[in-house]
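Note sheet for the following structure.
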Amino acid sequence: MTESLKALIEACRQGQADYQDLVDRVPYARFLGIELRVQGEELTFILPKNPENIGNPTLPALHGGAVAGFMEQAAIIFILLEMGEPKVPKTIDFTIDYLRAGLFRDTYAECRITRLGRRIANVHISAWQKRREEPITIARAHFLLSEENN
């Protein structure tokens, strides 16, 4: 399985496979219905509007846990693609700032790696709905890439 995952990651990186195939290999990302749009070198993750993700039916607004889960999964998939290795990063810390209500519509996210070492990766994630310049949430995440003491 590891070799087939590595081959899929490499095929995605070379434009020979659909990125969605990789997203669908991650169970929680598949459960949330996460989609991935590729434009040139940019990856945009999409959480399609889904009534099951509503936390406040009065507004209606998305549940904060669904948004946080979406952002964490986006970061994990992003790291997999950046590293090109089939080892799934383990979350060490995930800090999220909710800036405004996530309304019942599609939500988008982009990731930026601020540090990628041998053992640790730091990622900044931003999620928005209408305009990228008006995020509904931002997050910082730290991931363990390897438990080796090299």
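Numbering-wise (UniProt numbering), the sequence shown opens with residue 1 and increments by one.
Each residue gets a CB set at the ideal place from its N, CA and C atoms; glycine is no exception.
DSSP state of residue i, grouped into three classes?
{"i": "Ala17", "result": "coil"}
{"i": "Val38", "result": "strand"}
{"i": "Phe78", "result": "helix"}
{"i": "Thr2", "result": "helix"}
{"i": "Ala101", "result": "coil"}
{"i": "Asn150", "result": "Because the pLDDT at Asn150 is just 47, under 50, the model does not fix this residue reliably, and the value given afterwards should be weighed accordingly. Correct three-state label for Asn150: coil."}
{"i": "Glu85", "result": "coil"}
{"i": "Arg30", "result": "helix"}
{"i": "Pro48", "result": "coil"}
I'd like to confirm something about residue i: is its beta-carbon nearer than 7 Å to some heavy atom of the ligand MG, or not?
{"i": "Asp93", "result": "As presented, the structure is devoid of all ligands, the ligand MG included, so that no description of it is given."}
From the DSSP output, which residues share a beta bridge with residue i?
{"i": "Cys111", "result": "Ile125"}
{"i": "Asp106", "result": "Answer is none; Asp106 lacks a bridge partner."}
Are the beta-carbon atoms of residue i and residue j separated by less than 8 Å?
{"i": "residue 169", "j": "Ala127", "result": "Residue 169 lies beyond the stretch modelled for the chain, which goes from 1 to 150, so this question has no answer here."}
{"i": "Cys12", "j": "Leu81", "result": "yes"}
{"i": "Ile125", "j": "Ile136", "result": "no"}
{"i": "Ile79", "j": "Val123", "result": "yes"}
{"i": "residue 151", "j": "Val23", "result": "Outside the modelled stretch of the chain, which goes from 1 to 150, sits residue 151, for which no answer is possible."}
{"i": "Lys90", "j": "Leu5", "result": "no"}
{"i": "Ala61", "j": "Gly55", "result": "yes"}
On a Cα-Cα basis, can you pick out the residue from the options that is closest to residue i?
{"i": "Phe45", "options": "Leu116, Leu145, Ile54, Arg30", "result": "Arg30"}
{"i": "Glu42", "options": "Val26, Arg112, Phe143", "result": "Arg112"}
{"i": "Leu103", "options": "Val88, Glu72, Asn50, Ala7", "result": "Asn50"}
{"i": "Pro48", "options": "Leu36, Gly40, Asn56", "result": "Leu36"}
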